[in-house]
Amino acid sequence: MRTSIDGASQVLRPPADGLPFLRHDRAASLRSDPGSLTIDGEEILAVESDAGAARRIDARGLAVVPGWVDCHTHLPFTGWRAAEYAMKVAGRDYAEIAAAGGGIQASAGALAEADDRGVLDQAEALAAEMLAHGTTTFETKSGYGLSIEAELRSLRLAAALGGQVPQSVSNTALIAHAVPGGFDADGWLDAVEASLGAMLECAPVGALDVFVESIAFTNRHLERVGALAAARALDLRAHVEQFASHRSVPVALAAGARSVDHLACLAPVDLPALADSECAAVLLPGAEVMGAEETAPARALADAGAIAVLATDANPGTSPIISMPLILGLAVRRYGWTAKEALLAATLNPAWVLRRSGEVGSLEVGKRADVLVLDGPIEQVPYRLGHNPVAFAFKSGELVFARPDCADRLSE
Ligand SMILES: [Zn+2]
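Below you can see the structure in the form of structure tokens.
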């Protein structure tokens, strides 16, 4: 079916077509002029209205933007950890909570107890909630298995999730998340290496990931995961500099990382090389707020021309947040960013991280029609913190979400 979205106050467009990413010092070059958009089949047909379209949306006063790309989530997981959040708010730190049997171990236990249907039911419900908030592409991670068998199952569940939700899904094998009982870190990576072929048969995996922290793995393990990724032609992603500075960014860059994620404690000396590279700086302000973490140097990264990205880090421990609009709002307030900087970090640049920027992440003729119609101007997305601005969401041209109070704008 052909859809014409007519007369929007703003259509968010890149400064040129075909850009694989846009460095953040150029975010102001995103265009937000009035306009229209036509969708035909799965693709964007034109950045103008179509008189013959069978379906029309009256977008006067509204904004049209690309669907959000959430490139860092920990779906599929099971259960929640609200009691730990209460401990955290009361002043206990991550290491204390982990030592008390909480943290990643708690989610591994919950995953082990749940049957496949229970895990998928929760993940599918979260994916639906994400879609209603405008997320049309997201990433999954394994890492709550903590045994080889459970990691294989986790990857199978991620693949099953991808087959059952409307979104495009990219799978990451978080092979070094926490050191399982009975192993030291090197021994666990030996076991992972021996099983990596089997893991990669469980799901279409695009990247390997590692958590570098005093309670987890070291820069030496980051190098090793990087070598495993390179040998399999997979991308390297890394959780780094979250709670303390370990100077992991130069190690990740040397290993050819596609992204470094968190960066709340990024050492200032490591910022210029990151900003100059094609490795994305994935910032997770939800985790920063929920964990009372340091603030990533996001203003400086943007000014230095980094490929900056925002994501939810949706997980039951450090960031039980699925809403990208909320993340954009937190980022603007916390980082001193403009609305356009936040929108860029939620669309084209995360698509680059997932190697999907040729397909999604910007409104261009021929790209997949992952399109949101927002209920007001783009500047209201960060400003109306906690509000869901999504009036209509299209995934690959299909209308997958329509807010009841906006129904009178739709005619077919
Ligand atoms: Zn994470």
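Taking our numbering, the leading residue of the sequence shown gets 73, the next gets one more, and so forth. For glycine and all other residues, C-beta sits at the position ideal for the given N, C-alpha and C.
- Taking a contact as a CB-CB distance under 8 Å, the pair residue 209 and residue 426 counts as one, their CB atoms being some 7 Å apart.
- Secondary structure note for residue 267: its alpha helix (DSSP H) is the uninterrupted segment 257 to 274.
- DSSP places residue 140 inside the beta strand (DSSP E), whose first and last residues are 140 to 142.
- For residue 331, the uninterrupted beta strand (DSSP E) segment begins and ends at 331 to 334.
- Under DSSP, residue 127 shares a beta bridge with 75.
- In the structure shown, residue 427 falls within a coil segment according to DSSP collapsed to helix, strand and coil.
- Residue environment analysis places residue 158 among the exposed positions, since fewer than 16 neighbouring C-beta atoms fall within 10 angstroms of its C-beta.
- By the Cβ test, the stretch 227 to 235 is not in contact with the stretch 395 to 411, since fewer than three Cβ pairs between them sit closer than 8 Å.
- A contact is defined here as three or more CB-CB pairs under 8 Å, and the stretch 359 to 377 fails this definition with respect to the stretch 426 to 436.
- For residue 387, the shortest C-beta to heavy atom distance toward ligand 1 is below 7 Å.
- If you check the CB distance, residue 357 and residue 399 come in under 8 Å.
- The shortest C-alpha to C-alpha distance from residue 248 to any of 278, 214, 240 is the one to 214.
- Following the DSSP letters along the chain, one finds residue 193 inside the alpha helix (DSSP H) bounded by residues 188 to 204.
- For residue 243, there is no enclosing alpha helix (DSSP H); the enclosing beta strand (DSSP E) has its first and last residue at 240 to 248.
- Linking residue 284 to residue 76 through their CA atoms gives a straight-line distance of about 47 Å.
- Under the DSSP assignment, residue 108 falls in the beta strand (DSSP E) whose first and last residues are 103 to 112.
- In the DSSP annotation of this structure, residue 311 is not part of any alpha helix (DSSP H); the continuous beta strand (DSSP E) holding it starts and ends at 307 to 312.
- Distance from the CA of residue 362 to the CA of residue 74, rounded to the nearest whole angstrom, comes to 42 Å.
- Counting the other CB atoms within 10 Å of its CB gives residue 161 a total below 16, which places it among the exposed residues.
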